[in-house]
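First the structure, in the form of structure tokens, and then the observations on it.
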Amino acid sequence: EFLGLTSKEIDEQFADPEVRQILHDVRGDNL
């Protein structure tokens, strides 16, 4: 469940920028 992670946690746990971008998009950070 990625939606439970904060943006910082996503950035810390996923090294691939493309993966982080996808997860941030899913969370709605870029809306």
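Whatever position you read off the sequence shown (first residue = 1), add 536 for my numbering. Every residue, glycine too, gets a C-beta built ideally from N, C-alpha and C.
Per DSSP, what kind of secondary structure is residue i in: helix, strand or coil?
i	result
D547	helix
D561	helix
Between the alpha carbons of residue i and residue j, how many angstroms are there, rounded?
i	j	result
D552	L541	16 Å
S543	H560	7 Å
I490	G564	Here the chain covers residues 537 to 567 and nothing more, so residue 490 does not appear.
E548	V562	17 Å
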